[in-house]
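Chemist: Counting with UniProt numbering, you get residues 1 to 180 for the letters of the sequence shown.
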Amino acid sequence: MEMVILVDDRGEAVGTQSKESVHGSNTPRHLAFSCHIVDDAGRVLVTRRALAKRTWPGVWTNAVCGHPGPGESLEQAVRRRVAFELGSEVSDVVCVIPDFGYSARDASGIEENEHCPVFIARTASALAPNPDEVAEFQWTTPSALTTAVDAAPWAFSPWLVSHLDELAPHLARMTENADV
Numbered sequence: 001m002e003m004v005i006l007v008d009d010r011g012e013a014v015g016t017q018s019k020e021s022v023h024g025s026n027t028p029r030h031l032a033f034s035c036h037i038v039d040d041a042g043r044v045l046v047t048r049r050a051l052a053k054r055t056w057p058g059v060w061t062n063a064v065c066g067h068p069g070p071g072e073s074l075e076q077a078v079r080r081r082v083a084f085e086l087g088s089e090v091s092d093v094v095c096v097i098p099d100f101g102y103s104a105r106d107a108s109g110i111e112e113n114e115h116c117p118v119f120i121a122r123t124a125s126a127l128a129p130n131p132d133e134v135a136e137f138q139w140t141t142p143s144a145l146t147t148a149v150d151a152a153p154w155a156f157s158p159w160l161v162s163h164l165d166e167l168a169p170h171l172a173r174m175t176e177n178a179d180v
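1) Decide yes or no for the touch test of the region 53-66 against the region 29-39: beta carbon pairs closer than 8 Å, at least 3 of them.
2) I5 bridges to which residues according to DSSP?
3) Given this structure, state the Cα-to-Cα distance separating R43 from I120, to the nearest angstrom.
4) Let's test the definition: count the other Cβ atoms within 10 Å of the Cβ of W154 and tell me whether it reaches 16, buried, or not, exposed.
5) In angstroms with no decimal places, state the Cα-to-Cα distance between residue 202 and E89.
6) Assuming P129 and L74 are in contact, meaning their beta carbons sit under 8 Å apart, how far apart are those beta carbons, in whole angstroms?
7) Hey, is the region 99-106 in contact with the region 16-24, meaning 3+ C-beta pairs nearer than 8 Å?
8) Please check the pair L51 and A135, which I expect to be a contact at CB under 8 Å, by giving their CB distance rounded to whole angstroms.
9) Which same chain residues, not among the five before or five after P131, have their C-beta less than 7 Å away from its C-beta?
10) Going by C-alpha distance, which of T55, T147 and H30 is nearest G69?
11) Assuming contact is defined by CB atoms lying nearer than 9 Å, are T140 and A151 in contact in what I supplied?
12) Which whole-angstrom value describes the C-beta separation of A77 and H67, a residue pair presumed to lie in contact below a C-beta threshold of 8 Å?
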């Protein structure tokens, strides 16, 4: 059974609960992460969540999201989810927005309530997405991603929409010296 870490308003651990039971109509605050992946061509990866996902199925979002388990570091969790969701490996895993958090309710009524540090990593191997997690993926430029989110925020995950403005300068820095 996958467990998530419950946190207080400052992001400090206060307990654990099963992932299955924590997500509902009144979700307690818990620890999660979002990771954006860049490549050597100066692009950023966006993925479309599989249609079978319990929350926000079919929306476009960052490369991977997840929850660290008890005793697992955020970086270990990022690497684990990249392997599971994308069949890939990453390097240069950096937390760029450590204090990001959000609450949002999807169309089915399930609430997300997460302390969700945001990471950027560099791709280190080819992608082989898990179809249970990823419906499709696209490499794009940071500026094209910002334009798309501004034009159609409803097509993207609420966490991506909420942190993109703060993330943009970090993405620009990570992609500016690309081997284009």
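Think of the CB as a built atom: it goes at the ideal place given N, C-alpha and C, for glycine as much as any other residue.
Modeler: According to the structure data:
1) yes
2) T16
3) 12 Å
4) exposed
5) In the structure as shown, the chain begins at 1 and stops at 180. Residue 202 is therefore absent and cannot be evaluated.
6) Not confirmed; about 22 Å, so no contact.
7) no
8) 6 Å
9) A50
10) H30
11) no
12) The beta-carbon separation of A77 and H67, rounded to 7 Å, stays under the 8 Å limit for a contact.
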